[in-house]
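Per our numbering, the sequence shown runs over residues 3 to 311. For glycine and all other residues, C-beta sits at the position ideal for the given N, C-alpha and C. These figures come from a predicted structure and were not determined experimentally.
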Amino acid sequence: MPKVKTKLQSRQQRRETKGSGPGIRFNTGLGQHILKNPLIVNSIVEKAALRPTDVVLEVGPGTGNMTVKMLEKVKKVIACELDVKLVGELQKRIQGTPLASKLEIKIGDVLKSDLPFFDACVANLPYQISSPFIFKLLLHRPFFRCAVLMFQKEFADRLIARPGSPQYCRLSVNTQLLARVDHLMKVGRNNFKPPPKVESSVVRIEPKNPPPPINFQEWDGLLRIVFVRKNKTLSAVFNSNAVKRLLEQNYQIHCSQNNLEIPKDFSIGNLIQCILHDTGYSEKRARVMDIDDFIRLLHGFNEQGIHFS
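Shown next as structure tokens:
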């Protein structure tokens, strides 16, 4: 007789879905949607163009469908997994095979630990860590060659969005500042077990080496301001009292550090509007500005002593 689920089941139990193997349960609350289609697995590994000398970082290996394919091609795979039950399944899968010596497993939250050295990153990422992992990856040193990553389609669309696109946002600009991003393929939900509620996409990311000579913290501070209301003119965005208070505080710190006297009739609002006018961005909107526009705007502010970090 089948077991009847009761209302007293924990949230975590409700999130768990029985897997294909005996005793395996996939916790969708942790983003565990195992890529089961071997054709998709093979295609992702091929598009990564892995080399026999490569060390590959994989995040969320699950039961190892992609891990095994990569172990056959590379020097080493470092697999980062949060769920110790899945670690056990992965270990059992390669135990006693020639591949076992090429696999290193790191148990824990990849966002809370330092990334090891690697040449390429290939992963079917848990979707809830997509954004923080992207920037942990792109700010990692030494540089890696490329990353081929599976994301929720909506997130991938934002990564590759161009100025003027509805999906264009701070994430688009930040990612494209630091890397070249290309869409590789769409992956339907039925290629996973259990199927997620969303469609997926695979993208290839190649970090720019050397990176642009920009203080990323300050750059991101500027983008946080302009993309809060990306459809407004910059003149309107920077006329916000909250924005003016923040930039005035930063300006005072700049003057103090550089022994500059602030005139008694100083107005941060007037200075901001003068900068926007002089740079030609007063009537521009963030949604249609490209990376070069934001670089020129940031330099315009910095030259007048206004900073964003």
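Cutoff 7 angstroms: residue i Cβ touching any chain E Cβ
i, result
"residue 303", "Although the question refers to chain E, the structure presented lacks it and comprises just one protein chain."
Residue i vs residue j beta-carbon contact at 7 angstroms
i, j, result
"residue 293", "residue 189", "no"
"residue 1", "residue 103", "Outside the shown range of the chain (3 to 311) lies residue 1, about which nothing can therefore be said."
"residue 311", "residue 166", "no"
"residue 236", "residue 170", "no"
"residue 150", "residue 206", "yes"
"residue 82", "residue 112", "yes"
"residue 120", "residue 146", "yes"
"residue 105", "residue 76", "no"
"residue 154", "residue 200", "yes"
"residue 186", "residue 204", "yes"
Exposure of residue i, with buried meaning 16 or more beta-carbon neighbours within 10 Å
i, result
"residue 268", "exposed"
"residue 23", "Low confidence applies here, because residue 23 scores a pLDDT of 45, under 50, leaving its location unreliable; read the following figure in that light. Counting Cβ neighbours within 10 Å, residue 23 comes out exposed, since fewer than 16 surround it."
"residue 9", "Residue placement at residue 9 cannot be trusted, given a pLDDT of 44 that sits under 50; what the coordinates show is reported in the next sentence. Residue 9 should be labelled exposed."
"residue 71", "buried"
"residue 163", "buried"
"residue 181", "buried"
"residue 308", "buried"
"residue 243", "exposed"
Boundaries (first-last residue) of the beta strand (DSSP E) holding residue i
i, result
"residue 237", "Careful: residue 237 lies outside any beta strand (DSSP E), inside the alpha helix (DSSP H) at 236-239."
"residue 83", "78-83"
"residue 264", "Segment: none, residue 264 is in no beta strand (DSSP E) and carries neither H nor E."
"residue 206", "202-209"
"residue 108", "105-109"
Helix, strand or coil at residue i [DSSP, three-state]
i, result
"residue 51", "coil"
"residue 287", "strand"
"residue 156", "helix"
"residue 23", "Because residue 23 sits at a pLDDT of 45, beneath the cut-off of 50, its placement in the model cannot be relied upon, and the following sentence gives the value as read from the coordinates. If DSSP states are grouped into helix, strand and coil, residue 23 belongs with coil."
"residue 305", "helix"
"residue 278", "helix"
"residue 42", "helix"
"residue 59", "strand"
"residue 296", "helix"
"residue 122", "strand"
"residue 149", "strand"
Delimiting residues of the alpha helix (DSSP H) encompassing residue i
i, result
"residue 134", "132-140"
"residue 174", "172-180"
"residue 242", "Taken as a continuous stretch (DSSP letters only), residue 242 belongs to no alpha helix (DSSP H), as it is neither H nor E."
"residue 220", "218-228"
"residue 113", "Counting along the chain, residue 113 falls outside any alpha helix (DSSP H), and DSSP gives it neither H nor E."
Any non-hydrogen atom of the ligand ZN closer than 6 angstroms to residue i Cβ
i, result
"residue 237", "Ligands in the displayed structure: none, and consequently the ligand ZN is not present."
Contact between the stretch 43-52 and the stretch 121-139 is defined here as three or more beta-carbon pairs at a separation below 8 angstroms; is this criterion met? yes
Please determine if the stretch 254-271 and the stretch 130-143 are in contact, where contact requires at least 3 C-beta pairs separated by less than 8 angstroms. no
Would you call the stretch 268-278 and the stretch 159-171 in contact, with 3 or more CB pairs under 8 angstroms? no
Stretch-stretch touch, CB-based, cutoff 8 angstroms, three pairs: the stretch 226-238 with the stretch 284-301: yes
Would you say the stretch 196-214 touches the stretch 52-59, given that touching needs at least three Cβ pairs under 8 angstroms? no
At a cut of 8 angstroms, does the stretch 60-70 reach the stretch 83-92 through at least three beta carbon pairs? yes
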